[in-house]
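To start, the structure under review is shown below, and the notes come after it.
2 protein chains.
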Amino acid sequence: MDQKHALAALGALAQETRLELFRLLVTCGPQGLPAGVIAERLGVLPSSLSFHLQQLTHAGLITQRRLSRHLIYSADYGTMNALLAYLTENCCGRDAVCAPVCDPATGCTSAAPKTTAA
Amino acid sequence: MDQKHALAALGALAQETRLELFRLLVTCGPQGLPAGVIAERLGVLPSSLSFHLQQLTHAGLITQRRLSRHLIYSADYGTMNALLAYLTENCCGRDAVCAPVCDPATGCTSAAPKTTAA
DNA sequence: GCATTATTTTTATGTTTGTCGAATTAGCAG
DNA sequence: CTGCTAATTCGACAAACATAAAAATAATGC
Numbered sequence: 001m002d003q004k005h006a007l008a009a010l011g012a013l014a015q016e017t018r019l020e021l022f023r024l025l026v027t028c029g030p031q032g033l034p035a036g037v038i039a040e041r042l043g044v045l046p047s048s049l050s051f052h053l054q055q056l057t058h059a060g061l062i063t064q065r066r067l068s069r070h071l072i073y074s075a076d077y078g079t080m081n082a083l084l085a086y087l088t089e090n091c092c093g094r095d096a097v098c099a100p101v102c103d104p105a106t107g108c109t110s111a112a113p114k115t116t117a118a
Numbered sequence: 119m120d121q122k123h124a125l126a127a128l129g130a131l132a133q134e135t136r137l138e139l140f141r142l143l144v145t146c147g148p149q150g151l152p153a154g155v156i157a158e159r160l161g162v163l164p165s166s167l168s169f170h171l172q173q174l175t176h177a178g179l180i181t182q183r184r185l186s187r188h189l190i191y192s193a194d195y196g197t198m199n200a201l202l203a204y205l206t207e208n209c210c211g212r213d214a215v216c217a218p219v220c221d222p223a224t225g226c227t228s229a230a231p232k233t234t235a236a
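These protein sequence lines map, in sequence, to chains V and S.
With my numbering, letter number 62 in the first sequence gets 62, and the count goes up by one each step, no holes.
Here my numbering runs 118 ahead of the position in the second sequence, where the first position is 1.
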C-alpha cells in the first residue's frame, strides 16, 4: 500500500455512514450483504448508500458481486490489513511492522500464527 | 474507542500532510520531534503545520510536551492501537479482535509474541 | 524591559464533500 | 413487451476543509 491508496482508504472510512457500513461488512465476513439490506440496517436512503458504497469500493475496502437482482457487498480484508500495516510501519523506529492479519479463512488471527510456521 | 473518536482519528489521518506527519512520528517513537523540525521535514508552512498538529492532537493521535522553547510532538500509540482494534472488531463474525499492539516500551510487538517465549 | 526565536491564532478564499429527490439502468416474471 | 423490484446516476445546495499571509502569544537571554 502506498500513500495514495492509504489516503483513499482513510478518507473513505472517515465518515459516519461509511464507517458503520464498513464495520457492518467486516462482521459479516466474505458472505457480505445486499445493498438493500444495508440501506435498511443503516437507515439511509438508497441513493446515499449507493454513493457511499462507491466511495468504499473505489478505495478498495469493499468488493461487489451480483446475485440475481441483488448486488452483494463484502469487506476486502486484504486492503484492510494493508492499511493497518501502512499505519504501523516502522513503528518505534524499528524495521518491523506490528500489523494484524485478519483472515476470514483462518479465522481472524493476529500477526503471528500460533502453530503453523510460515 | 467509540465511533465518535474513531471518526475523529480517521478524519485526522485522511489528509496527505497529516498522514505523513503521523507516520513520521510513529517511526520516531515516544521521543518525538519539535514542531520546527517537522515543518522542515515535511516542507510545510509553520501555520499550516500548526493547524494539522492541532487536528491530530484533538483526535488523540499525538501528544504535545514542552522542552524549553520547543514543543515536542510524539505519536500516541494507545490511540493508534485502539483505532486498529475498532476497525477490526468482530471481524469475520467472531467475538475476537485481530488487533495489533504497538508498544514502544516492549519494542512494537504484535498481538502474539514473535519468539517462542510467551 | 526589549529583542529574538518558536509556535499558534486569526481571517479570508477556493475546493471538496454529503444529502436529498427525481430520473435512469438492470434483471426478472408473466 | 409490460410491469415490478433493486440499485445507481444526476443535479443542486449547504456544510466542512486546507491553505496562506499577517498578527499574536510564549519562552528565553541580555
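Just so you know, even glycine gets a beta-carbon here, dropped at the ideal spot from N, CA and C.
Query, Result
"Touching by the beta-carbon criterion (3+ pairs, under 8 angstroms), the stretch 64 to 75 of chain V and the stretch 27 to 41 of chain V", "yes"
"With 16 other Cβ atoms within 10 Å as the buried cut-off, status of Gly-161 (chain S)", "exposed"
"Every unbroken beta strand (DSSP E) within the stretch 161 to 219 of chain S, with a cutoff of 3 residues, ordered by chain", "180 to 185 and 188 to 193"
"Member of V:Asn-90, V:Leu-19, V:Tyr-77 and V:Ala-85 whose CA lies at the smallest distance from the CA of Gly-60 (chain V)", "V:Tyr-77"
"C-beta atoms of Cys-102 (chain V) and Thr-206 (chain S) nearer than 7 angstroms", "yes"
"Simplified DSSP state of Pro-30 (chain V), which is helix, strand or coil", "helix"
"Listed by chain order, chain V residues near Met-198 (chain S) by CB distance under 9 angstroms", "Leu-87, Thr-88 and Cys-91"
"Amino acids of chain V, ordered along the chain, whose beta-carbon sits closer than 7 angstroms to that of Leu-160 (chain S)", "Going along chain V, no residue has its Cβ under 7 angstroms from Leu-160 (chain S), so there is no contact; the nearest lies around 13 angstroms."
"Span separating the alpha-carbon of Ile-156 (chain S) from that of Arg-183 (chain S)", "15 angstroms"
"Straight-line gap, Asp-120 (chain S) to Thr-175 (chain S) (C-alpha atoms, nearest Å)", "17 angstroms"
"Closer than 7 angstroms to chain S by CB, Arg-29 (chain V)", "Reading off the sequence shown, one finds Gly at residue 29 (chain V), where the question assumed Arg. Answer yes: the Cβ-Cβ gap between Gly-29 (chain V) and chain S drops below 7 angstroms somewhere."
"Simplified DSSP assignment, three categories, for Pro-231 (chain S)", "Low confidence applies here, because Pro-231 (chain S) scores a pLDDT of 33, under 50, leaving its location unreliable; read the following figure in that light. Three-state result, Pro-231 (chain S): coil."
"Outcome for Cys-159 (chain S) when other beta-carbon atoms lying within 10 angstroms are tallied against a minimum of 16", "Note that residue 159 (chain S) is Arg in the sequence shown here, rather than Cys. Exposed, since its Cβ has fewer than 16 Cβ neighbours within 10 Å."
"Separation of Leu-84 (chain V) from Ala-203 (chain S), as counted between CA atoms", "10 angstroms"
"CB contact below 7 angstroms: Pro-222 (chain S) versus chain V", "yes"
"7 angstroms Cβ cutoff, Ala-132 (chain S) in contact with chain V", "yes"
"Alpha-carbon spacing of Ala-127 (chain S) relative to Gln-15 (chain V), whole angstroms", "11 angstroms"
"Test item: CB-CB of Leu-19 (chain V) and Leu-25 (chain V) under 7 angstroms", "no"
"Neighbour-count burial assignment, Phe-22 (chain V), 16 or more Cβ in a 10 Å radius", "buried"
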